[in-house]
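For the sequence shown, position 43 (counting from the first letter as 1) is numbered 112 according to my numbering, and the numbering increases by one without interruption. Ideal placement from N, C-alpha and C gives every residue a C-beta, glycine not left out.
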Amino acid sequence: MTPSLFNLQEVQTSLRTLARVVRETREVLADELEHRRRLPSQAVQDRLQETLDHLGQVREGFILTLRMGPATFPAVGVTDPTELWALVSHVLMDWGWLEQMGLSWQTAGALERVEDQVVSYAHARIALGVLPRLPAEAITYPQPRPTYADIPVPRTAGELLARIEELEQVIWRAGVMPLEAMEPAPLRRTYGFFEASVWLVERYLLDLLDQLR
């Protein structure tokens, strides 16, 4: 199934919004880490609310893809750049699996715009997959060694849902309390997720957007 030009433009909009949100979230978390004892300002709360809205789309995309079974999005623990680029292109732009669900770009009703949820979930799934192998130069979290190699890739639907819920919980807490008051491990995993998300945006997503022009 090939999207029409109109729907392709909608996908471009979704991707650009995603890129902006993950970048701004990483920036907010980095700034809050530098001032971890202060309460979040209203501006920080507003930005993180947009992040929560994005994570809500991730959750909705996760639920939608469960209907297709495990083959919809294969394991994403890849290391080869060529393979990763192919994966990014496939899960963000190959919409043939929607037809298998009886959905389409023109479906009427509540499912008419599933692309936002699926794009958000696909990007999140890939970010979780590359997180343990994120290059040192892409890591800014304050820790002894620049690595997330100890953070496992979620392999089951239950593990994926748990990570999505953790992201939501950490971002919500970051909007209402100083980061110093939060548990370090979930905060680090969440910060790392957004670092991986930004790395994907800068390394692959911007090129993909250029190809869609």
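Quiz prompt | Of the residues A254, V188, L102, the one placed nearest Q238, counting alpha carbons only | solution = Per the Cα distances, A254.
Self-check item: Same chain, Cβ closer than 6 angstroms to R92, five either side skipped, listed in chain order
Solution: Around R92: V267.
Quiz prompt | DSSP three-state assignment for H104, whether helix, strand or coil | solution = Three-state result, H104: coil.
Quiz item: Assuming L269 contacts V222 under a Cβ cut-off of 8 angstroms, what Cβ separation, rounded to an integer in Å, is found between them?
Solution: That pair is no contact at about 14 angstroms.
Practice problem: Tell me, to the nearest whole angstrom, how far the beta carbon of G244 is from that of L98; I am working on the premise that it is less than 8 angstroms. | Solution: Going by Cβ atoms, the distance from G244 to L98 rounds to 11 angstroms, so no, they are not a contact pair.
Quiz item: Exposed or buried, H123, counting other C-beta atoms within 10 Å across all chains shown (16 or more means buried)?
Solution: The residue in question, H123, is buried, as its Cβ has 16 or more Cβ neighbours within 10 Å.
Self-check item: Boundaries of the alpha helix (DSSP H) in which D122 is found, first to last residue
Solution: Per DSSP, D122 belongs to the alpha helix (DSSP H) from 111–135.
Exercise. Note down the Cα distance separating A226 from D219, rounded to an integer number of angstroms.
Key: Cα to Cα, the separation comes out at about 20 angstroms.
Quiz prompt | Alpha-carbon to alpha-carbon, H192 and Y260 | solution = The alpha-carbon atoms of Y260 and H192 are separated by roughly 16 angstroms.
Quiz prompt | Nearest-angstrom Cα separation, counted from L133 out to L108 | solution = The alpha-carbon atoms of L108 and L133 are separated by roughly 36 angstroms.
Self-check item: Nearest-angstrom Cα separation, counted from T216 out to P286
Solution: Nothing can be reported for residue 286: it is not among the residues displayed for the chain, which extend from 70 to 282.
Quiz item: Are L248 and L102 touching if we call contact CB-CB under 8 angstroms?
Solution: Against a cut-off of 8 angstroms, the Cβ pair of L102 and L248 comes out as a contact.
Quiz item: Does the Cβ-Cβ distance between Q126 and Q186 come in under 8 angstroms?
Solution: Yes, the pair counts as a contact, with Cβ atoms nearer than the cut-off.
Quiz item: Do R95 and P206 come within 8 angstroms of each other at the CB atom, strictly closer than that value?
Solution: A small fix is needed here, since residue 206 is Glu in this sequence, not Pro. Taking the C-beta atoms as reference points, R95 is found no nearer than 8 angstroms to E206.
Quiz item: Which term fits T120, buried or exposed, when burial requires 16 or more other beta carbons within 10 angstroms of its beta carbon?
Solution: Burial of T120 is indicated by the presence of at least 16 other C-beta atoms within 10 angstroms of its C-beta.
Quiz item: If we ignore side chains and look at the alpha-carbon of each, how far apart do G130 and R202 end up?
Solution: Approximately 24 angstroms between the Cα atoms of the pair.
Quiz item: Buried or exposed: L135, going by 16 or more other Cβ atoms within 10 Å of its Cβ?
Solution: So L135 ends up on the exposed side.
Quiz item: Can I233 and R106 be called in contact, C-beta distance under 8 angstroms?
Solution: The answer is no: Cβ separation not under 8 angstroms.
Quiz item: Whose CA, out of M246, S189, F262, lies closest to the CA of R85?
Solution: When each option's Cα is compared against that of R85, the closest is S189.
Exercise. Check whether the Cβ atoms of L236 and F262 sit closer than 8 angstroms, and answer yes or no.
Key: Annotated as proximal: L236 and F262, with beta-carbon spacing under 8 angstroms.
Quiz item: R89: buried (16+ other C-beta within 10 angstroms of its C-beta) or exposed?
Solution: Counting Cβ neighbours within 10 Å, R89 comes out exposed, since fewer than 16 surround it.
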